[in-house]
Amino acid sequence: MDNPIAEELAKNQKSISVAEFFEKNRQILGFDSAPRSLITTVKEAVDNSLDACEESEILPDIFLHIERAGKDNVVIIVEDNGPGIVKEQIPKVFAKLLYGSRFHALKQSRGQQGIGISASVLYSQLTSGHHTKIISKIGHDNPAHYYELMINTSTNDPDILKDDIVDWDRPHGTRVEMEMEASYVKGRRQSIYEYLKATAIVNPHARITLIEPDGNEVIFERATDKLPITAKEILPHPHGIELGTLMKMLRYTERQKLSPFLRYSFSKIGHLASEEICKASGLDPELDPHEMTRDQSRKLLDAFSKVKIMAPPTDCLSPITEELIYKGLEKEFSVDFIATTTRSASVYSGNPFIVEVGIAFGGELQKDDRVDILRFANRVPLLYQQGGCVITHAIESIKWKQYGLNQPGGGLPSGPVVILVHVASTNVPFTSESKDAVAEIPEIKDEIELAVKEVSRKLNRYLNKRDSLKKRREKEIIITKVLPKMATKLAETLGRDVPDINPVVAKIMGNLLVDRIIEPNGNGGATISIRVNNFSSKKHDFKVHDMAPFEIENAVPEPKVISMGNDFDYIWNLSVSPGSSKVVKYSVATLDDAGIARLSPLIVEGLDEELVTGAKAIKG
């Protein structure tokens, strides 16, 4: 009698290693085209370097060299000054998929799954047939270990082809070299240069050096020596737990009673909260967690939503901060205006997250194109699938006309604008394994909208002020051209000196009028007064600089003095209310006509030039 069909089919069934699975489905991990494969590899290597340096409190110094190797291949070399990797771990880190230290850790980090760099090693050996070369050193007095590795896809284990000790001049760090089928592209949004530029903006503490295939060197210099806030590991929050996970936790806990299990397994559950949860679930606090049934586990899970439990702690997150987003944008873009915000922490499904936004306007940005969106998750740039990301959807949902920008077709606004959005979380909800887009989580979308609107209001105020100043400038140009001609003509007709028209201009413009009045004292010296009249409708705080080639006496009030060789900068901090005036006085022992001629114009620091008449204005 023939064997049953099921027995014949069973002979062909066997387990598949994760390496074998990704060998046949590498597009899932971001290796679906030649340019993208290179970006994915660089991204994974740079992310590892940044994480390792920050965890060891080392300012990252990352070197990336890309060389062409034949028609379709490139060689990628990534070197860092991180803490290095201990010898026994090197093969597993680089040649075993799903091996890492961060998967179970509830804190913000760039990598979580342990797939990244080992997936690049796999792609390298599949497309080039070459093994990956690694050098790593953990300290100045320790040896540098050199490995050549491949992944055994049948077992998902490392194949060690070479294991040596070599000379390496770095005190500590890691160097990875791999060859793969990939292409280096320039001049497009999805490129190595743009990826590194975006990385430099949100990691302003890192220095990244790129050597392109043509030998061109690009350095993204660090803008701060301040390391990011260290993210701390936290326990899971009860609002983010599912039934199966809870049952697993109950089964394997070391606690013998339900109440201690709750207190030591979850964040923000103390004695009082654990008692309330037990009461709401109808379960005995002395109950052994290991013996709980599925029905009891369900009651416990339901009780989590009935009892008020504080939000999870946020020290597990490491926001970039408003100041450093500002510095990052300022460093990489030449613009006229920047506004930033870091929102307070929020929660989705028990996972804490923070949204940060920066907006930059004007300067050298393209005027007629759609705004440029820079998307980030846990400080990592998201270059692909922009249309499928909640960040894009949140920006599209805003009515941009009320913020001074055009929005043709109701989608993304247009104008010389860059919008940076950073989502930091212990568990960023990506739409796929390639981590290209953030999923449509309502809580995250709401926070992004609120943050973008906050910086957009600041942009709108700037645009309104700019337009107002532009109109003032146009008005002042007309006045300062017409009035002098009228004054000169009138003086000629009456046979008098041409009058000073600055007071008239200041009154018409509603400006700050600044005068220097020199009164000789008959002894070769003089008394000098600086009079400031505020003809505007606002109170103004500013500094007045009087740069002179002499020392002054009897100054009222006393200025701050900065010596500049043979000259001096005398600085007064003034505050003048609308419709009022302030006077600064001082005397000079010797001042002749030649000395008067050498006096520099007064400078007002802290105000736009359109608001000042009679002195040079600098915004400061």
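Position 49, counted from 1, in the sequence shown is what the numbering used here calls 615; the numbers after and before it change by one each time, with no gaps. From the three backbone atoms N, C-alpha and C, an ideal C-beta is built for every residue, glycine too.
(Q) Considering just the uninterrupted stretch of the alpha helix (DSSP H) at E1175, what are its terminal residues? (A) Here E1175 belongs to no alpha helix (DSSP H), and DSSP marks it neither H nor E.
Q) What are the uninterrupted segments assigned as beta strand (DSSP E) that are 3 or more residues long and contained completely in the stretch 875 to 919, given in chain order? A) 903 to 908, 912 to 914
Q.
Once DSSP output is grouped into helix, strand and coil, what is the label at P782?
A. Reading off the sequence shown, one finds Asn at residue 782, where the question assumed Pro. Here N782 sits in coil by DSSP.
Q. Just reading off the beta strand (DSSP E) that R1082 is part of, what are its end residues?
A. 1078 to 1086
Q.
Just to confirm my understanding: we take G928, look at its own chain, exclude 5 residues before and 5 after, and list those with CB closer than 8 Å. What are they?
A. V901, D902, F903, P982
Q. For F1108, which residues does DSSP report across the bridge?
A. L1140
Q. Of all the options A1057, R1032, I964, which has the alpha carbon lying nearest to the alpha carbon of K1011?
A. I964
Q. For F942, which residues does DSSP report across the bridge?
A. P947, H988
**Q.** Inter-residue spacing [alpha-carbon to alpha-carbon] between E1175 and V1142
**A.** 17 Å
Q: Report the residue from R1164, L1157, P1167, V1098 whose alpha carbon sits nearest the alpha carbon of N1139.
A: V1098
Q) Since R817 is in the alpha helix (DSSP H), which residue starts that stretch and which ends it? A) 809 to 818
Q.
So for S1102, helix, strand or coil by DSSP?
A. coil
Q | Backbone secondary structure at Y969 - three-state DSSP | A | helix
Q. Would you say the stretch 631 to 640 touches the stretch 708 to 725, given that touching needs at least three Cβ pairs under 8 Å?
A. no
Q | Close Cβ partners of S667 (< 7 Å) along its chain, the five nearest in sequence each way excluded | A | Model confidence at S667 stands at a pLDDT of 44, short of 50, so the residue's coordinates are unreliable; what they give is reported in the following sentence. Closer than 7 Å at Cβ, skipping near neighbours: no residue.
Q. According to the neighbour-count rule (16 or more other Cβ atoms, all chains shown, within 10 Å of its Cβ), is Y914 buried or exposed?
A. buried
Q: Buried or exposed for K515, please, with buried defined as at least 16 other CB atoms from any protein chain shown within 10 angstroms of its CB.
A: Nothing in the structure corresponds to residue 515, since the chain is present only between 567 and 1186.
Q. Can the beta-carbon of P979 be found less than 9 Å from the beta-carbon of A764?
A. no
(Q) Please state whether the Cβ-Cβ distance between I731 and P657 is less than 9 Å. (A) no
(Q) Please state the DSSP three-state secondary structure of H959. (A) helix
(Q) Would S527 and F919 qualify as a contact pair, given that the criterion is a beta-carbon distance under 9 Å? (A) Beyond the ends of the chain as shown, which are 567 and 1186, falls residue 527; an answer cannot be given.
Q) With burial defined as no fewer than 16 other Cβ atoms inside 10 Å of the residue's Cβ, what is the status of D613: buried or exposed? A) buried
(Q) Whole angstroms are fine: how far does the CA of I628 sit from the CA of S615? (A) 7 Å
Q.
So if DSSP puts N639 in a beta bridge, which residue, or which two residues, is it bridged to?
A. A635, E747
Q: Select from G916, R755, N769 the residue whose C-alpha is nearest the C-alpha of C619.
A: N769
Q) Is A1003 helix, strand or coil by DSSP? A) coil
Q. Quick one: any contact between the stretch 843 to 859 and the stretch 881 to 898, if contact means 3 or more CB pairs under 8 Å?
A. no
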